[in-house]
Amino acid sequence: MVRNEKKFKYKIFGGHQTRLGHYYRHLYHTTKWIDAAEISGNDKYEYYVKKLRIQLNTYEQALLAINSLTIFGSDWKKFIMDYKLIKNLPKNFFDDQTELGG
């Protein structure tokens, strides 16, 4: 059997921190800025954070959830809880046994 070798520009399964890190840092700092802004009550959520959240697709929300479980994402937990940043993930989106460590 002949094996076709394919060269990729990046290491397969080598991690995507360099590709996604900047995206989640910008998202974090935008959320942090909204949180610190002097905006009254629910206006922060309704007019700003909600607009930011609706831009996130299911997979981006899933990655945000996973990121929040790491040492790098520990600061996200407050924002995720306060502003409901993760919403509408299907109930069985993650396999608890194989993807989240049981």
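Going by the UniProt record's numbering, 46 is the number at position 46 of the sequence shown; the sequence numbering is gapless.
Glycine included, C-beta positions come from ideal geometry on N, C-alpha and C.
Practice prompt. Would you kindly check if the distance between the Cβ of Leu-27 and the Cβ of Leu-63 is under 8 Å?
Written response: No.
Worksheet item: Which term fits Arg-25, buried or exposed, when burial requires 16 or more other beta carbons within 10 angstroms of its beta carbon?
Response: With fewer than 16 other Cβ atoms within 10 Å, it is exposed.
Worksheet entry | Lys-44 classed as buried or exposed, judged by whether at least 16 other C-beta atoms fall within 10 angstroms | Flag for Lys-44 reads buried.
Discussion item. Taking its Cβ as the centre, do 16 or more other Cβ atoms sit within 10 Å of Thr-18, making it buried, or is it exposed?
Written reply: Counting of Cβ neighbours within 10 angstroms places Thr-18 among the exposed residues, the total staying below 16.
Worksheet item: Where does Leu-64 sit, in a helix, a strand or coil, going by DSSP?
Response: Correct three-state label for Leu-64: helix.
Item to complete: Only counting runs of 4 or more residues, tell me where the alpha helix (DSSP H) segments fall wholly within the stretch 13-96, in order along the chain.
Response: Qualifying alpha helix (DSSP H) stretches, in chain order: 17-36, 50-53, 58-68, 76-83.
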